[in-house]
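Here's the structure we're looking at; comments come further down.
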Amino acid sequence: MIEETTPPLPEPFPCTECGSGHMHMRFITYFTWLNEELLTVPNFPAWICDVCGRREYDQKAISWLTMLLNPNAGRPTVRKRVSPRARPRPESSRPSPDQT
């Protein structure tokens with residue numbers, strides 16, 4: 041039988057809001073709006089203070105969710121091709137044949 045082991049949670053750190061509590065990693069339901077629709081994301085990682093309840097969402101998870109909700113996700117980016125600009129030719133310091 042294969043046993044599933046859950047990775048250990050990161051160490052708590054002092055709360056920057058109240059200063060007396062500690063921020064603990066928890067998995068919560070994250071709510072956000074996408075246009076006119078309310079989305080819920082279960083098991084979303086967040087740091088929560090055990091005293092004041094302050095929440096700080098895991099930045100990596102926020103980036104991942106933003107990418108998933110991006111309407112252009114998975115589509116190739118279209119770049120306009122810019123033709124090279126014509127460079128002005130430098131004036132020659134040599135005298136032309138008619139200037140001699």
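If you count the sequence shown from 1, position 39 lands on 79 in our numbering, and the numbers rise without skipping. We put the beta carbon where it would ideally sit given N, CA and C, even for glycine.
With DSSP run on the structure shown, which of helix, strand or coil describes residue i?
{"i": "Leu108", "result": "helix"}
{"i": "Ala126", "result": "coil"}
Buried or exposed: residue i, going by 16 or more other Cβ atoms within 10 Å of its Cβ?
{"i": "Met63", "result": "buried"}
{"i": "Cys89", "result": "buried"}
{"i": "Cys55", "result": "buried"}
Below 8 Å on the Cβ atoms is my guess for residue i versus residue j; work out the distance and round it to an integer in Å.
{"i": "Pro85", "j": "Met107", "result": "Wrong, their Cβ atoms sit about 16 Å apart, outside the cutoff."}
{"i": "Trp104", "j": "Glu96", "result": "Actually they do not touch by this definition, with Cβ atoms about 16 Å apart."}
{"i": "Leu57", "j": "Arg115", "result": "The residue asked about is misnamed: residue 57 is Glu in this sequence, not Leu. Glu57 to Arg115, Cβ: 40 Å. No contact."}
{"i": "Asn83", "j": "Phe71", "result": "In fact, because the Cβ distance is near 13 Å, the residues do not count as touching under 8 Å."}
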